[in-house]
Structures are given as C-alpha cells and as structure tokens.
Amino acid sequence: LHLRLLLPAFALALGHALGFIEPVGLLLGALFVCLVFGGERLLPSWLWLSAVLVAGIALAAHLLPGFSPWPLWEPRRISSDAAPYALRLSWDKLLLGATLLAWWLGQRRAPTLSRSRAGWACLATLLAVPTLALALGMVGWQPKWPDGLLLWLAVNLGVAVLAEELLFRGLLQRALIRRLGAWPGLLLTAALFGAAHLPFSPLFALVAGIAGLGYGLALHYSGRLSLAIALHGAVNLLHILLLSYPLRLA
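With the numbering used here as the guide, the letters of the sequence shown map in order to residues 351 to 600.
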C-alpha cells in the first residue's frame, strides 16, 4: 500500500512544484486520497462508493478549486469543420487517475469469462461508435495525421481515459454488478457514463453511453481493465485520425 500511495503523492507533488496545484488543491487532493484508501476500511461500502464517485466526478469535471490546467497546445483547428482545439493536461483528473490506479492495483483480479466475447465486444465498439457518430451528424469524415499526435495520445490515454475507466468501469461497474447482476450493472454504468457527457450535448451523451457499454463488456468478459482502457483509447484515436475533432460545428 505504501508504495502504491507514491502514485497520487507524486502527482500532487509534481503539480505543486510546477505551480499548477495550489495549497487548497493539495489539501483537497490529500483528502481524496485519504477517502479512497482510509474510507474503504472505515465507512459502509455504499457510503464509501457514493463519496468516491461524487468526489471523483468533481475532480474529473474540474469543479474543485486549487487546480490549474497545463496548456500544451494553443487553440488550433485540427479539422476544417470543427472548432479550434486546445490540448491541456488537467492535474485534477491526473490525480483522480493516479489515486484510483493505486487503489486498483491492490484489488483481486476478476476471472476471464470469455476471451471471444471480449474480442467481439471490442470489434463491435470500434465499428459502432464512429458509425453512429457519423450517422447522427456529430462528426464528418476528416482523415488526417495531426501535428503533436503522440503528445495528444499520451495525455488522452494517460489522463482522461485512465481516470474515466478506473472511475466508471473499475469502481462503479464492479460494485453495481455485485449488487444488481451483470446486465443491470453493465447497462446502468453505461447510462451513467453517457449522462456524465451530457454537458457536451444529448447526442454526444448517447454515443458515449453506447461506447461505455462496449468498454464495460470488454472488462466484464476479459476480467482486464487494461483491455477497456485500450479500447477506449483506440476509439478516441479513431476519432482524431478519421473524423471531425473535437466535434463538427453546426
């Protein structure tokens, strides 16, 4: 446990040293780490899960004070039919991912139920999500190889995707399946994942919910969160390489 705690501690220390995490952010971040690791032992499971979910969503949505993003790109147009996009490293979301990763590394690995079904879930998700987004008019066909793609991939996979998969699939889905059964837990997690994307648009939330179901099935059948993370990253990579990014302008 002590070694795993180095992950969130390093994220907090580095962000503070670089000037992106203020003292209030350090305090709130430390409280979140204490909640995740201490609360699991001291609180009723339902209360601990609810508190971690609320705090995690607050971190992911940048609702807590004391955290400033690190601008990595100035706003620039990646697709001719989309608004300019600025790449930023969000220290609050990085802390969320680092903390939940440290927690996840201490969990017992789930059994593999069906490698073939996990593979089919991945293939269906990779085909269905871009196709649905195109059919709904959210994006257009815009193949490209943007400058700075590797930096974008590192930030997207190592911060956004990691945090979202640990929070929704690693934490929430596992708890809901234990309480409700496989399909109710999978569907409810996917619906909540879609709802978290409502600030973008209802259509975006719909597509995110479908994608979330695919990520959930990949984890459920394979027992590997790493597969859900890889699938989520692959969907996002297809988005930036082949489609309007971030979204098509009306």
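We treat Cβ as the ideally placed atom computed from N, Cα and C, and that holds for glycine.
Note that the structure is predicted; figures quoted are calculated from it, not measured.
Backbone secondary structure at residue i - three-state DSSP
i, result
"Ala432", "strand"
"Trp533", "helix"
"Trp441", "helix"
"Leu399", "helix"
"Leu512", "helix"
"Leu597", "coil"
"Trp495", "coil"
"Thr539", "helix"
"Arg528", "helix"
"Gly490", "coil"
"Thr462", "coil"
"Ser331", "Nothing can be reported for residue 331: it is not among the residues displayed for the chain, which extend from 351 to 600."
"His570", "helix"
"His412", "coil"
"Gln523", "helix"
"Ala504", "helix"
For residue j and residue i, the rounded distance between their alpha carbons
i, j, result
"Leu537", "Leu563", "7 Å"
"Ala580", "Trp491", "23 Å"
"Glu473", "Ala568", "Before going further, note that residue 473 is Leu rather than Glu in the sequence given. Cα to Cα, the separation comes out at about 10 Å."
"Trp423", "Leu501", "10 Å"
"Asn586", "Gly416", "28 Å"
"Ala561", "Leu353", "33 Å"
"Ala401", "Leu522", "12 Å"
"Gly573", "Ala380", "30 Å"
"Trp398", "Val404", "10 Å"
"Ala471", "Leu392", "37 Å"
"Leu486", "Leu553", "8 Å"
"Leu414", "Gly369", "16 Å"
"Ala432", "Leu484", "14 Å"
"Phe518", "Phe543", "7 Å"
"Leu526", "Trp420", "35 Å"
CB contact below 7 Å: residue i versus chain D
i, result
"Leu385", "Annotation note: the requested chain D is absent from the structure, which comprises a single protein chain."
Buried or exposed (CB count within 10 angstroms, at least 16 for buried), residue i
i, result
"Ala540", "buried"
"Ala363", "exposed"
"Phe310", "Because the chain in this structure spans residues 351 to 600, residue 310 falls outside the shown range and cannot be described."
"Pro493", "exposed"
"Trp453", "buried"
"Leu599", "exposed"
"Ala367", "exposed"
Residue(s) in a DSSP beta bridge with residue i
i, result
"Ile371", "Phe417"
"Leu422", "None, per the DSSP bridge assignment."
For the region 435-448 and the region 537-550, state whether three or more C-beta atom pairs, one from each stretch, are separated by less than 8 Å. no
For the region 440-457 against the region 370-386, are there 3 or more C-beta pairs whose distance is under 8 Å? yes
Is the region 520-539 in contact with the region 467-484, if contact means three or more CB pairs nearer than 8 Å? no
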